[in-house]
Amino acid sequence: MTFLFYFVACLTIISALFVVLNRNPVYSAVMLVLCFFSIATLYLLLEAYFVAVLEIIIYAGAIMVLFLFVIMLLDLGREAALPKLKKLDKALSLFLVVIIFLGILTLTMWAGGDLHQTLNPSSVGDIKAVGKALFTDFLLPFEVASLLLLVALIGTVYLAKRRVK
Amino acid sequence: MATIIKSYEPTFWDKLYIPALVQGLLVTFKHLLRKKVTIQYPEEKLIPPEGYRGLHRLNKDANGRIKCVACDMCSAACPADCIDIIPGSSPWDDGKERYPVSFEIDLLKCIFCGFCEMACPEEAIELTEIYDFSDYTREKLIIDKDGLLDVYDKTKDKNYYSNSQNLTIKE
Amino acid sequence: MDFLALLIICVKVLLVFAATMLTVLLMIYAERRISAFIQGRLGPNRVGPHGLLQPIADGIKFLMKEDIIPAGVDKPIYLLAPAMLLIPALMTFAVIPFGSDITLFGRNIPLQVADVNVGILYILALTSIGVYGLVLAGWASNSKYPLIGGLRSSAQLISYELTMGLAIVSIVLLSGSLRLNDIISQQQGHFLSWNVFKQPLAFLIFLIAVYAETNRLPFDLTEAEQELVGGYHTEYSSMKFAMFYMAEYANMITAAALTVTLFFGGWDLPFLNETSMGMLGVVLSVAAFILKTAFFLFLFIWVRWTFPRFRYDQLMNLGWKVMLPLALFNIFITAGYLALTI
Ligand code: SF4
Ligand code: SF4
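Read top to bottom, the protein sequences are chains A, B and C.
For the first sequence, position 140 matches number 140 in the working numbering, and the numbering has no gaps at all.
Each position in the second sequence, counted from 1, maps to that position plus 1000 in the working numbering.
Each position in the third sequence, counted from 1, maps to that position plus 2000 in the working numbering.
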């Protein structure tokens, strides 16, 4: 089990790195899908089946397909030929990355030495638990999120309709 | 602007589509059970109808001699220009003066229009019902006088395909 | 986990895999024969008795063909795409129970490869993954027809997945579980406890969505021959092309089995209690499952050779403006009914 965990965790990080470092957008998208899969596997190892499956259905199955769709329609193949970043830009982005990484590290250290969760994840990730949490404790964020999506939807319809007179 | 003329207003029942879909399925199911029309070719052969224009033959007269007088009418009528006749004086001395020394039809050029049989004053050339005479080389598909006379022997009595011996697979 | 348990699992995996592949072969044969019958022809009947060995002859032919990789394709993805389609298609069957429990060596063995407690979601997840195979095949081929086919398929699958999911939700509401075994046991008893009779609208929606999901006529716009040559697999040849074909049929088999499980009681025979009948019950239940699935597979073929293809805008209209509202309406009614009765 531990071996599996390290293997999948490495896979997650490597695929995530590929997403950022690859210059071909389609490859990045495929790598991102692989990344989602490894994350889902991590959930599986935690026995949170529901969350794992949701990860795949929503992120890998729906959102990434749309991403790919858009990438293909836009034909971003020429991205690979773009000039490389300048030295200053490189330094700046490296600086930001280090800052954010350190920030996350301090936050987790601050929160407590033990990184392992005390709660049994399979009970947290259970479908009933998720449903209950959504409709009781997190009702407001849930509704706000749905409103946000509605706004985005209306915006899209407006943008798409405007051209056709 | 194109004008749209509505000739038929679908009713609510039509708009449900499901009954129509089921109807369509039933139609195809009926076809599924119907008798099949396929003819299993090498074992079964289609008997072509009367007047079918297939492989040529050169007819023989009552004495078993070739009827053709090498007048070249068929060759002149042929739109595909695929009949090649070398005439010669006949070896018989009963009034028939000419006969073809060689008579070749290039079956690959022929379009089976039947003009040759219409043009022939002697009713010497005819198109038979034989349709399966394919071969592997171009040379073999140029049929000569003997071949054409052979076809006559095979087809003079009855339909080539109703003759059961021809139904077996040949080499 | 002891050795015997491991062995049993291996045997089950092999069994299901072999059965799926065999059914794929049979389906390819059946498709050609039935389409021929519907058109008044005989179809392939030369290779083996009644032409039954025809799919094997086809397979050999595919293996002998030259494997063409066109210049200008994106090689890694081009090579990967058929596998990306075929693997999820074969994995899906793992959670579908194909018979009542069997007792062997003093053990209770469920006839199902994996009893996942989110079984339905597992299937939905895998079907949504299958899209990548199509889309990436279309993109990697670097040719216009496959690209159009791939784009069409992604749009189509996303639209109809939603409807299919909503139709399934109403079933889940009834059974109160995502586990396929629970859904089957909730349908046991007599005829009317099957979900088709409880949820006719959901059944209809699900059936239509399934045809769209498996890219079968009347929804086969991704490979519409008249417009797109061959759709996403235009540039593929040899065994890779065969893999696309196998994936399509494997998907159909899973879809038919899922339809049976969700709406026709799975392996359940009405008025019989299979679990109390011992070995006979097991055999009967497996036979019932196979027969029911076979019917839906036949329906796939039957429908394909009956209806013409949709136009793309009609497809989208049907999906978003008719099926989606109907599915939502159905959930609403079901939930309302459950809320009032429980
Ligand atoms: S059938 Fe027509 S084409 Fe053929 S040889 Fe006779 S005239 Fe020529
Ligand atoms: S076949 Fe008839 S038309 Fe032709 S050369 Fe002989 S006699 Fe004349």
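Using N, Cα and C, we set each Cβ at its ideal position, and we do this for glycine too.
The secondary-structure analysis by DSSP pairs C:GLY2119 with nothing; it has no beta-bridge partner.
Contact of C:GLY2040 with chain B by beta-carbon distance below 7 Å involves HIS1031, ARG1034, LYS1036 and VAL1037. Closer than 9 Å to the CB of A:PHE69 there is at least one CB belonging to chain C.
Contact note: C:TRP2139 reaches chain A through VAL26 and MET72, using a C-beta cutoff of 7 Å and chain order.
In terms of CA proximity to B:SER1090, B:CYS1071 leads the group B:ARG1053, B:TRP1013, B:CYS1071 and B:ILE1105. In chain order, the residues positioned with their C-beta nearer than 6 Å to some heavy atom of ligand 2 are B:CYS1068, B:VAL1069, B:ALA1070, B:CYS1071, B:ASP1072, B:MET1073, B:CYS1074, B:ILE1085, B:ALA1119, B:CYS1120, B:GLU1122, B:ALA1124 and B:ILE1125.
For B:LEU1148, the shortest C-beta to heavy atom distance toward ligand 1 is 8 Å or greater.
Here the distance from the Cβ of B:GLU1097 to the nearest heavy atom of ligand 1 is not below 8 Å. Of all alpha-carbon atoms in C:THR2023, C:GLN2199 and C:ASN2330, the one lying nearest the alpha-carbon of C:LEU2052 is that of C:THR2023. Short note on B:PRO1079: C-beta closer than 8 Å to some heavy atom of ligand 1. As a beta-bridge residue in DSSP terms, B:PRO1087 pairs with B:PRO1100. As a beta-bridge residue in DSSP terms, B:LEU1058 pairs with B:ILE1125. At a cut-off of 9 Å, the C-beta of A:ALA133 has no neighbouring C-beta in chain C.
Distance from the CA atom of A:THR12 to the CA atom of A:THR41, rounded to whole angstroms, is 10 Å. Residues TYR2145 and PRO2146 of the same chain have their beta carbon placed closer than 6 Å to that of C:THR2234, with the five preceding and five following residues left out of the count.
Residue contact with chain C for B:LEU1025: present (Cβ-Cβ distance below 9 Å to some residue of chain C).
Within the model, the alpha-carbon separation for C:PRO2110 versus C:ALA2071 is close to 50 Å.
Within a 10 Å sphere around the beta-carbon of C:PHE2296 sit 16 or more other beta-carbons, which makes this residue buried. In the DSSP assignment, B:ILE1105 forms a beta bridge with B:ILE1083 and B:ILE1143. Fewer than three pairs of CB atoms, one per stretch, sit closer than 8 Å, so the stretch 2054 to 2065 of chain C makes no contact with the stretch 2143 to 2163 of chain C. Interface with chain C (9 Å Cβ-Cβ cutoff): A:VAL157 is excluded. The Cβ atoms of C:SER2170 and C:TYR2078 lie no closer than 9 Å to each other. In this structure, C:THR2261 and C:PHE2093 do not form a Cβ contact; the two beta carbons are roughly 11 Å apart against a cut-off of 8 Å. One thing to note: C:LEU2221 has its Cβ within 9 Å of the Cβ of C:TYR2312. For the C-beta of C:SER2128, the chain A residues within less than 8 Å are, from N- to C-terminus, ILE56, ILE57, ALA60, GLY61, ALA62 and VAL65. With contacts defined as CB atoms closer than 9 Å, C:PHE2298 and C:GLY2266 fail to qualify as a contacting pair. The shortest C-alpha to C-alpha distance from B:TYR1161 to any of B:LYS1036, B:ASP1014, B:GLU1050 and B:VAL1037 is the one to B:GLU1050. Per the DSSP secondary-structure output, B:ILE1066 pairs in a beta bridge with B:LYS1060. Contact check for C:GLN2186 against C:ASN2330 fails: the beta carbons are separated by 9 Å or more. Exclusion of the five residues before and after C:ASP2182 leaves SER2175 and GLY2176 as the residues of its chain whose Cβ lies within less than 8 Å of its Cβ. Between C:MET2027 and C:ILE2301, the C-beta spacing is below 9 Å.
An exposed status is given to C:MET2064, since fewer than 16 other beta-carbon atoms sit within 10 Å of its beta-carbon. In terms of beta-carbon proximity, B:THR1028 lines the interface with chain C, with at least one pair separated by less than 9 Å. Spanning the alpha carbons of A:ILE56 and A:LEU73 requires a straight line of approximately 23 Å.
With fewer than 16 other beta carbons inside 10 angstroms of its own, C:ASN2317 counts as exposed. The three-state reading of DSSP puts C:GLN2199 in coil, since its state is none of H, G, I, E or B.
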